[in-house]
Structures are given as structure tokens and as C-alpha cells.
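Enquirer:
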Amino acid sequence: MKAFTEHRGLVGPMDRANVDTDMIIPKQFLKSIKRSGFGPNLFDELRYLDEGQPGKDCSNRPVNHNFPLNQDRYKGASVLLARKNFGCGSSREHAPWALEDYGFNVVIAPSYADIFYNNCFKNGLLPVVLTEEQVDILFNELAAQEGYQLSIDLPSQTVTTDSGQIFSFELDEFRKECLLNGLDEIGLTLQDADRIKHYEAERAAQHPWVFGVIK
Amino acid sequence: MTEHTLYDKLWNTHLVKENNDGSSLLYIDRHVLHEVTSPQAFEGLRLAGRLPWRLDTNIATPDHNISTDKAERDGGIAAMVDEVSRIQVQTLDDNCDLYGIKEFKINEMGQGIVHVMGPELGVTMPGMTVVCGDSHTATHGALACLAHGIGTSEVEHVLATQCLVTKKMKNMRVSVNGTLGAGVTPKDVVLAIIGKIGTAGGNEHAIEFAGSVFREMSIEGRMTVCNMAIEAGARVGMVAVDDKTINYCRGRQFVPQGEMFDQAVSYWKTLVSDANAVFDIEVELAAESIAPQVTWGTSPEMVAAVTSFVPTLDEQPSEEKRKGLERALEYMGLESGQAIESIAVDRVFIGSCTNSRIEDMRAAALIAKGRQVAGSVKQVLVVPGSQMVKAQAEAEGLDRIFIDAGMDWREPGCSMCLAMNADKLGSGEHCASTSNRNFEGRQGSGGRTHLMSPAMAAAAAIAGHITDVRTFIGVN
């Protein structure tokens, strides 16, 4: 897994609540059997004026200039500033894949849907939770200042503005460790293989109907 | 003695190890796979040189992007017109064959939408942990399973280790007591719950649905309710075991028989929350307050009684809400304050993992029987959730009722719920849909979805606009 320690980058806005994963990456792109290449179709229905299809070259498509991320000032954004319940709906990991492939390293929002939040950590994408008031402050500063950047530091769990404001954020210890070290989670779990086998033996004795029936 | 919730009990039974960093290793009993979220997981296994931990836990079937059109479907995978989809379905077949994973193939009896197929075959049984790379996995919670959706990295993790590294959720109980009125269905109950707690109301929680309404409800109805827990933000939805649960499981293909069944039942009967168990959040609704529900906006929480009106911009409590409403109304092509029943529909979709079981087919057929689809409606898709549902419906003559009414009777699959195949809305079209999400573009780019029950969707097909199904059945 990709590691994450710190990041400083240009901020781009997604100023609406309940952004769902269908909006982040529409269903027609889920037919791919790969993990990469979703970036050009991130927010496809908002970004372009026509309907996107897998394999279609996006460089010639009509662009929706009203969509903030299409504006020059947000080109190259690597920190996405968003509103509450970001990533709700479908469990598709294609959503963090698309965000990451587009170039985002960090999302900042007041809250996330559970499955999306979990999926981010598997892909080196850091979802930062700040309060609604803090997110409001960042949206206001972003609107006021072209080239607005933020620094995100995982070890100290802070977001720092160029004016020197520091916002702390919380996250689970195990998620932090995995992200900091870019750990192979499957490899880690397999270190407990004996314990899993022991559990299975006990469970099979207690609940035999769970085992051996699907073949 | 500590009192436990149903969720606590399921969690404790499957706990392999608690780590010192706050995470836990949870054992997974059933892993359901489909074509869309599994290929990258299998690829990951291959790249790391790993094999599935256990085979007799996995079950696979294609559902998301296969055609529901009989002519195309009869040709199997080779006849799939969409090449990208064909490769994906073929990849599922190839991976299952390579690793020896049990798969119900595209036209095999047993195939169906993963969350219809699992319970009906008895693959999922009470007390199990069930995961799938699909957010509607909570459906299996209707059988008192701890069931939830996972991402593709976790699909790979479960394949390789039979475990998930996870953190315990909080407990939430939603109680609905009283008696539902005629024409009010499980779909209306869950939409009313989402309307009350909101689309993020259940975030970080496992919801147990409790109260007399769920006790009276069939297992199929409970599946409809648990299915949409995620639309209220909760990954997990559950209903405790009772006689209905046990009777539902008895005799199904993968359920044990004889002495082992009795042994299972004595365990299953413990799968209820203890009388004094404490929930972090308690929500209550009165059954009598629930009318048939319809979503008018672009989030499942944007829902109202069929007899009511689209909210007005003036009554919004904050600027943020007003902006959200304005955006939703613009996308949906609706006026502030418009009567819900005045919304005309272009297409109707009866199907999806929420509402494609035999009871749903029967409920829609009851309304369609002897009536005709309105001339203004372009298409009515009736898509059974599985090969077994299809066979049962045809044995009951329901397919004839739909066809005689001017509806299309299709092959099993996810279909227009997420429009990954050819079944989709055109831009600007309104759809009366029994599916679970009314997000922008969900059923086709620019499409406008109105979620409702199967009976309500059938009534909309007949009327040509959204209408109160109760007038069809002699109520009101």
C-alpha cells in the first residue's frame, strides 16, 4: 500500500453536501477490470457537457466551465475540500481510485460515509475530518485567495494554513499506522494465520453448518 | 450479567483477535462475489502469489452489467454486445474456474442479484458474518446476519485471510410499532425511516430494526428494509431471529437438514437483543403515521408521502438547505411546492436488490392485473431478482399479467437500478423506480428517479404519473 506522511498542495473545492460515489465516478466506468485510469472520468457528469463512456478520449470532450475544478485557478489541485457525508452510496473503491488517479492526496470534509472513508486508507488517500466551522473557514479562504494551499501532516495530525492557523484532526491509530508505513494489510493479517486457524477449528465444532456446505 | 445487543453478539462470536491499536480481526463466514468489484481483487491475489484462504465460503454470480434482454441473454457471455462488460463477466468466470470458487453462471438456475440469490439458496444463514463488494449487502441482515459492503481491497483481504481488520460500530435501534395501513409496504417503512433520520443518520452505526411492524413483516419485506440501511448511512441493518426467520431457512439448498438443522436453530434462537441491552441511539416511528412514500429529489432522504408536496424554498431553515433544494429541483425539473401526484413518469422500473423478490412481483402484478400501461409511458421493465424468482413468478402466471398490461418481462439482473447495462433512462426522463438510489445520473445520465414500492410503481405505470396506490385497492 502507498504510504502517506505529509502533503502540501493546491486546494480545490467540491461545495455540496452528500456527494455520492456515483457522482465521483459514474457506473459505466466500473466495467474496467483495472485499478488505474479513472482520473479523467472523476466527477464525469459534472466536469463534461456530454456523456462519458469507457475508452472515450476525454481530451476532446466539451468541458463544463462552471464546474470549479475545471477552472484554471484549481488546475493541479491535490487537496479536495468537501462538505459533509462525502462519498455516500455505493461501496465502489473506484471512487478513491479516481480521486487518487486525478491527483488528489487528501480530502478534507466534516464527515464521510463509512465505506468510502475506509476505502481511502487502502489507497494512500488521506480523508481528514475537520469541524463544519473549520471547513467553512477553509472554504471562505479558498474563495478569497487564488493559489490557496494547505499543509497536511499525518504524524502530528494537523492541517496548517499559510497564515499559520493549525487545525488538529482525529483518526484511528491502526489506520494512521498503516498509512504512515504503507503496510501490506494482508501480510499483517497473515501473521495471525495460526490464530485464524484455531478460531476456525473452535467455530467448526460449535457451528458445523457454517463450514463445508458450498461446493 | 452484561446485556448484549444482537450486533454485540454477532461481533463477539466472530472476533478472532483484538489488536492494541483499537482494531479487531473479524472472521467472515460468507463472501459473495460479482463481476464488478472482484477482478482487481483477484488480480491482487495473483500479483502477491496468494491463494484464497478457504473455498467453501465464497459464492459468485454475475448480476451488475449482464443484459436482461432475453434474445441477448440466451447467447450467454459470448453474445454480450457491450465488449467491456463481456470481458468483465468472462473475467469473473475465469477467476472462479481458476480458483475453484462456486459460481452460478450467467444463465444457470441459482443466478441472480447477489442479495436475492444468497438468502434464497440458503448460502446466508442467521448468525453469519456476510460481506460483498456491494453496499447493499446489509440485505442479508434480515436473517440476523452481520452483513455489510466492503471495497475491493477488502474483497482481496477476505479472499486471502477470511478476515477483516475492522472496528466495532455503535448500536442504533429503529423501532416501528403499530399496524401499517393498507397499501403501505416495507419499502414505505424504510423510506419513511430515511426521511426521518437522514442519509447520514446511521453513519458509524449498525441498525437493528425492531418493533411489531418488523415482527409482522415477511422475511422478503425485512430484506427490503435492511437493504436500504446504507441509504440512511448505516453499513449494517438487521432484524432479530424469530419463527419467520427459521421457517424461511428450512429446506433451502445450502441449509443443513435433520439434526444439524435443529442444532443450528437452537443457536439461531439466541440471536436477539437482550431485554435491557443499551443502544447508543434509539429512534421510534409510529406505523400509523406512514403513508406510501415517494422520493422527489436526488438523495433518498428527499422523500415525502405520495399525498403531499415537494418542499418549498421559503420553508428551508438554512441557506445551505435552500441551495441543496434548489439544485435538486433544477436537476429533477420540478417546481417548489408541486404536488407529488402531478409528476408524470416516462419509464417504470420494477426490480433491484431492494424489490425484486417474489412478493414484490406479486404486489406489482396485483395492481397490473387487467389494466393497461398508460400510452404516455415509454417502457415498463419488470426484472425478477433471480432465476428462481423468475421461475416462481412464471409458474404463478405473473409474467402473463405483466405482458398483458404492456410491460416488459425480463431476465434476472441489476438492470436499471444502476444502469450498467442497456437498461437506462434518457436525459430528463422521470422514472418510477423500486430501486434504492435516486442520485443524479444513477439510472442514466440526466435521468430523474423517484423511489417507491413495487405496488406504487405499477400504479404509476398505469396512471402515467405518480399516484396513490391506495385508490387502486379500494382504500381512501
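Chains as they are written, first to last, in the numbering used here: chain Z, 1 to 215; chain D, 1001 to 1476.
Glycine is no exception: its CB is placed at the ideal position from the N, C-alpha and C atoms.
Please read these numbers as outputs of a predicted model, since none were measured by experiment.
Decide if A204/Z is buried, meaning its Cβ has at least 16 other Cβ atoms within 10 Å, or exposed.
Expert: Position 204 of the first sequence holds residue 204/Z. Result: exposed.
Enquirer: Once the 5 residues before and after G1441/D are set aside, which same chain residues still bring their CB inside 7 Å of it?
Expert: By one-based count along the second sequence, residue 1441/D stands at place 441. Correct list, in chain order: G1447.
Enquirer: Whole angstroms are fine: how far does the CA of E141/Z sit from the CA of Q149/Z?
Expert: Taking the first sequence and counting its residues from 1, the one referred to as residue 149/Z is at position 149. Taking the first sequence and counting its residues from 1, the one referred to as residue 141/Z is at position 141. Distance between the alpha carbons of Q149/Z and E141/Z is about 10 Å.
Enquirer: With DSSP run on the structure shown, which of helix, strand or coil describes A1344/D?
Expert: As a working note, residue 1344/D is residue 344 in the second sequence. Strand, per DSSP.
Enquirer: Listed in chain order, which residues of the stretch 1124-1144 of chain D have Cβ atoms closer than 9 Å to some Cβ of chain Z?
Expert: M1125, G1127, M1128, C1132, G1133, D1134, S1135, H1136, T1137
Enquirer: Which residue from E1220/D, V1184/D, V1236/D, T1185/D puts its Cα closest to that of E1204/D?
Expert: Within the second sequence, the letter at position 204 stands for residue 1204/D. From the listed residues E1220/D, V1184/D, V1236/D, T1185/D, the smallest Cα separation to E1204/D is found for V1236/D.
Enquirer: Relative to the C-alpha of A1365/D, which residue among P1300/D, V1389/D, A1455/D, I1290/D is closest?
Expert: Taking the first residue of the second sequence as 1, we reach residue 1365/D at position 365. The option with the nearest alpha carbon to A1365/D is A1455/D.
Enquirer: Determine whether the Cβ of Y199/Z lies closer than 7 Å to any Cβ atom of chain D.
Expert: Residue 199/Z sits at position 199 when you count from the first residue of the first sequence. Under the Cβ criterion of 7 Å, Y199/Z is counted among the residues facing chain D.
Enquirer: If I measure Cβ to Cβ from L49/Z and keep anything under 8 Å in the same chain, skipping five residues before and after, which residues do I get?
Expert: Residue numbering aside, residue 49/Z sits at position 49 when the first sequence is read from its first letter. Here the set comprises R61, P62, V63, N64.
Enquirer: For G1151/D, decide whether its Cβ has a neighbour in chain Z, counting only Cβ atoms nearer than 7 Å.
Expert: In the second sequence, residue 1151/D corresponds to position 151, counting from 1. Interface residue, yes.
Enquirer: Can you give me, in chain order, the residues of the stretch 187-215 of chain Z that have a beta carbon less than 9 Å from any beta carbon in chain D?
Expert: G187, L188, T189, L190, D192, A193, R195, I196, H198, Y199, E200, R203, Q206, H207, P208, W209, V210, F211, G212, V213, I214, K215
Enquirer: Could you please tell me which residues of the stretch 1046-1075 of chain D, in chain order, have their CB closer than 9 Å to any CB of chain Z?
Expert: A1048, R1050, W1053, R1054, L1055, D1056, T1057, N1058, I1059, H1064, N1065
Enquirer: So that I know if they touch, is there some Cβ in chain Z lying closer than 7 Å to that of T1449/D?
Expert: The sequence position of residue 1449/D within the second sequence is 449, counting from 1. Not one chain Z Cβ lies under 7 Å of T1449/D.
Enquirer: Under 8 Å by Cβ, that's how I've got P1256/D and W209/Z pegged, so tell me the actual separation to the nearest angstrom.
Expert: Start at 1 with the first residue of the second sequence, and residue 1256/D comes out as number 256. Start at 1 with the first residue of the first sequence, and residue 209/Z comes out as number 209. Rounded, the Cβ-Cβ distance is 4 Å, consistent with contact.
Enquirer: So with CB distances below 9 Å, who are the chain D contacts of M14/Z?
Expert: Position 14 of the first sequence, counting from 1, holds the residue named residue 14/Z. None at all; the shortest Cβ gap to chain D is about 13 Å.
Enquirer: Does the distance from the CB of Q1387/D to the CB of G1151/D come in under 7 Å?
Expert: Here residue 1387/D refers to the residue found at position 387 of the second sequence. Here residue 1151/D refers to the residue found at position 151 of the second sequence. No, the pair does not count as a contact, with Cβ atoms beyond the cut-off.
Enquirer: Around the Cβ of R1046/D, are there at least 16 other Cβ atoms within 10 angstroms (buried) or fewer (exposed)?
Expert: If you number the second sequence from 1, residue 1046/D lands on position 46. Under the 10 Å beta carbon count, R1046/D is surrounded by fewer than 16 other beta carbons and is classified as exposed.
Enquirer: According to the neighbour-count rule (16 or more other Cβ atoms, all chains shown, within 10 Å of its Cβ), is A1041/D buried or exposed?
Expert: Position 41 of the second sequence, counted from the first residue, corresponds to residue 1041/D. Buried: at least 16 other Cβ atoms inside 10 Å.
Enquirer: With a threshold of 8 Å, are at least 3 pairs of Cβ atoms found where one atom belongs to the stretch 1004-1011 of chain D and the other to the stretch 1190-1210 of chain D?
Expert: yes
Enquirer: Could you check the C-alpha separation between L154/Z and E6/Z for me, to the nearest Å?
Expert: Walking along the first sequence from the start, residue 154/Z turns up at place 154. Walking along the first sequence from the start, residue 6/Z turns up at place 6. Take the alpha-carbon of L154/Z and the one of E6/Z: they are about 6 Å apart.
Enquirer: With a threshold of 6 Å on Cβ separation, who are the neighbours of I1087/D within its own chain once the five nearest residues in sequence on each side are excluded?
Expert: By one-based count along the second sequence, residue 1087/D stands at place 87. If you ignore the 5 residues before and after I1087/D, its C-beta comes within less than 6 Å of no other C-beta in its own chain.
Enquirer: Apart from the five residues just before and just after K1390/D, which ones in its own chain have a Cβ nearer than 6 Å to its Cβ?
Expert: For this step, residue 1390/D is matched to residue 390 along the second sequence. P1384, P1412, listed in sequence order.
Enquirer: Determine, using beta carbons only, whether G1022/D comes closer than 7 Å to chain Z.
Expert: To locate residue 1022/D, count along the second sequence from 1; it is residue 22. G1022/D counts as touching chain Z.
Enquirer: Pull up the DSSP beta-bridge partners for Q1111/D, would you.
Expert: Here the question's residue 1111/D lines up with position 111 in the second sequence. Answer is M1109/D, bridged to Q1111/D.
Enquirer: Do you know whose CA, among E185/Z, Q165/Z, Q145/Z, lies nearest T1161/D's CA?
Expert: On the second sequence, residue 1161/D is found 161 positions in, with the first residue counted as 1. It is E185/Z.
Enquirer: Give a yes or no on whether the minimum CB-CB distance between N18/Z and chain D is below 7 Å.
Expert: Here residue 18/Z is taken as the residue at index 18 of the first sequence, counted from 1. By this cut-off, N18/Z is an interface position.
Enquirer: Please state if the CB of T1091/D and the CB of I25/Z are separated by a distance shorter than 7 Å.
Expert: Mapped onto the first sequence, residue 25/Z falls at position 25. Mapped onto the second sequence, residue 1091/D falls at position 91. Against a cut-off of 7 Å, the Cβ pair of T1091/D and I25/Z comes out as no contact.
Enquirer: Counting only beta-carbon separations shorter than 7 Å, does C1163/D have a partner in chain Z?
Expert: Position 163 of the second sequence, counted from the first residue, corresponds to residue 1163/D. Closer than 7 Å: yes.
Enquirer: Taking F1439/D as the query, report the chain Z residues whose CB atoms sit under 7 Å from its CB, ordered along the chain.
Expert: For the purposes of this step, residue 1439/D is identified with residue 439 of the second sequence, where counting begins at 1. Here the neighbours are D20, D22, M23, G89.
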